[in-house]
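Numbering (the numbering used here), first residue to last: 18 to 585.
Where a beta carbon is used, it is the ideal one built from N, C-alpha and C, also for glycine.
Keep in mind that this is a model prediction, so the values were computed, not measured.
Structure, rendered in structure tokens:
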């Protein structure tokens, strides 16, 4: 939006003021009041408070009981906002829906903007009447408000005090005030647009920082959803990524009830999904009634923006910011800013993905080096040592020595087999399609055995593969990985016990699955980092579950037990 030219604003005010010249002394006497009103109107920069101030000032200037400003929508076909003065809150609630400007006198003034003065608006053929509970209104005065030469809306005044009609003097005064109001609104809109851009830029910085910080990927996606919801003033922020079987899966949600949305898959047959995967944005006026929305989630929402997370010609996923039913639609400026935010988030996602790939490659290279060293150095030395012991055993004549050396050789053989098992585990790629939860849990335990130096014990209670759903299972495995990681990085444990129990019943009667990871380590120190524990709690809470810390399995309750639970 171009910045208003001060010279043009001054010329407009001068032309409007000249219309006062040659009029009666009554109007001349009211000029100081007009000047004070103009000063009051231009006193602030926040748009909605500016509109409130204009209504109040106009009502006082023309001695009207009620005042309102109808803001014309971007298409120029109705009202996007309706600001009132003088109508008590309880009366406004009783009347209910505010006028939309599609019919009646207000609608006529949108399509034919110009000053209107009526002794009794109910007798005007353009009038459509008032809804039940609406205050009585007869005398009427309406003038357009222009911002930079374009119609912004109309200023309406009704019910002049004492039951009189609005005079020519009132009309002239209000027209001058409307000109000043246009200038004030233009400044407020510029300020609002600048502030809005600043907020979206700050949100983009927060998202980029979260994605590139090297933390948990799911937590970073949650930051994207939270920032998008806040910046778009939406009822929810939703991140969707391509699902394995086609379509888009909801992987991160910021809303009042995220658990009911997580894991929902929007099928590929949806026209919206096809457009998003093709890199096109989709804007919807009312999600609940739009036939393109094929899931039950759409029934809760009204206006929605669905934006592709696209960078370098590659679509990584999508971002949705739906508003509540009946909420105002997204403006063109909001759509543009949201699209820029989505592009920035997509770029940050690609950079984070590349960073994780580099880190993963470094880990694989390190694992290969360790495996080679174990095979080429450690096993050969152990084998050579075993041969030396066998030779010494054959030369020894003392039975006890021969027996002891034999046991040592057997232990070396077992050690060599365990090292070979560890080498095999280091050289394996993660399974691409685990057959079930039990398999994935065992894989995490086996992978943790390498850095731990021992294999944690484990138990499964109940048919975990058939009872635990895919979304819950995925989060349970991630929680297990986090708990085992904490154990081998911080706990200094010599014993770890993992239990997956699918026979749990919560206090409210719901069936649940419980993961327990207990160790005999040093416990959690005071003031220690809690980011891993927060990740566990967030995963559980997103599913309607919980996470807690209990005493461990060491002597006198030493160590830590992480208990993670989610409903089935």
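Residue i - DSSP class collapsed to helix/strand/coil
{"i": "residue 201", "result": "helix"}
{"i": "residue 468", "result": "helix"}
{"i": "residue 71", "result": "helix"}
{"i": "residue 168", "result": "strand"}
{"i": "residue 347", "result": "coil"}
{"i": "residue 577", "result": "strand"}
{"i": "residue 572", "result": "helix"}
{"i": "residue 147", "result": "coil"}
{"i": "residue 436", "result": "helix"}
{"i": "residue 161", "result": "strand"}
{"i": "residue 325", "result": "strand"}
{"i": "residue 174", "result": "strand"}
{"i": "residue 566", "result": "strand"}
{"i": "residue 421", "result": "helix"}
{"i": "residue 312", "result": "coil"}
{"i": "residue 413", "result": "coil"}
{"i": "residue 134", "result": "strand"}
{"i": "residue 96", "result": "strand"}
{"i": "residue 485", "result": "coil"}
{"i": "residue 360", "result": "helix"}
{"i": "residue 239", "result": "helix"}
{"i": "residue 493", "result": "helix"}
{"i": "residue 455", "result": "helix"}
{"i": "residue 557", "result": "helix"}
{"i": "residue 540", "result": "coil"}
{"i": "residue 63", "result": "coil"}
{"i": "residue 119", "result": "coil"}
{"i": "residue 141", "result": "coil"}
Residue burial classification, residue i (beta-carbon count within 10 angstroms, cutoff 16)
{"i": "residue 381", "result": "exposed"}
{"i": "residue 478", "result": "exposed"}
{"i": "residue 331", "result": "exposed"}
{"i": "residue 108", "result": "exposed"}
{"i": "residue 169", "result": "buried"}
{"i": "residue 183", "result": "buried"}
{"i": "residue 658", "result": "There is no way to answer for residue 658, as the model of the chain reaches only from 18 to 585."}
{"i": "residue 556", "result": "buried"}
{"i": "residue 378", "result": "exposed"}
{"i": "residue 402", "result": "exposed"}
{"i": "residue 418", "result": "exposed"}
{"i": "residue 226", "result": "exposed"}
{"i": "residue 338", "result": "buried"}
{"i": "residue 358", "result": "buried"}
{"i": "residue 106", "result": "exposed"}
{"i": "residue 161", "result": "buried"}
{"i": "residue 428", "result": "exposed"}
Residues that residue i bridges to, as DSSP identifies them
{"i": "residue 475", "result": "515"}
{"i": "residue 266", "result": "258, 282"}
{"i": "residue 224", "result": "DSSP output for residue 224 lists no bridge partner at all."}
{"i": "residue 584", "result": "529"}
{"i": "residue 339", "result": "321"}
{"i": "residue 102", "result": "84"}
{"i": "residue 183", "result": "DSSP, once it has assigned bridges, lists no residue as partnering residue 183."}
{"i": "residue 301", "result": "321"}
{"i": "residue 535", "result": "514, 578"}
{"i": "residue 271", "result": "254"}
{"i": "residue 331", "result": "328"}
{"i": "residue 522", "result": "528"}
{"i": "residue 78", "result": "In DSSP, residue 78 forms no bridge with anything."}
{"i": "residue 89", "result": "96"}
Rounded distance between the beta-carbons of residue j and residue i, thought under 8 Å
{"i": "residue 335", "j": "residue 257", "result": "4 Å"}
{"i": "residue 191", "j": "residue 158", "result": "6 Å"}
{"i": "residue 576", "j": "residue 526", "result": "Not quite, the Cβ-Cβ distance comes to about 32 Å (not below 8 Å), so this is no contact."}
{"i": "residue 95", "j": "residue 119", "result": "5 Å"}
{"i": "residue 583", "j": "residue 492", "result": "7 Å"}
{"i": "residue 365", "j": "residue 224", "result": "6 Å"}
{"i": "residue 515", "j": "residue 534", "result": "5 Å"}
{"i": "residue 134", "j": "residue 188", "result": "6 Å"}
{"i": "residue 536", "j": "residue 497", "result": "Not confirmed; about 13 Å, so no contact."}
Residue i Cβ short of 7 Å to the ligand ZN heavy atom set
{"i": "residue 179", "result": "This structure lacks the ligand ZN, and indeed carries no ligand of any kind."}
Report yes or no: do three or more beta-carbon pairs, one from the region 173-185 and one from the region 144-157, lie closer than 8 Å?
-> Cβ pair count under 8 Å is three or more, so yes.
Take every Cβ of the region 338-352, pair it with every Cβ of the region 310-328, and state whether three or more of those distances are shorter than 8 Å.
-> The region 338-352 makes contact with the region 310-328; the number of CB pairs closer than 8 Å reaches 3 or more.
Is there contact between the region 508-525 and the region 289-297, where contact requires at least three CB pairs shorter than 8 Å?
-> The region 508-525 makes no contact with the region 289-297, as fewer than three CB pairs between them are under 8 Å.
Would you be able to state if there are at least three C-beta pairs under 8 Å between the region 211-224 and the region 278-289?
-> No, the region 278-289 is not in contact with the region 211-224.
Taking three-plus beta-carbon pairs below 8 Å as touching, is the region 459-473 in contact with the region 248-255?
-> Because the criterion of three Cβ pairs below 8 Å is not met, the region 459-473 and the region 248-255 do not touch.
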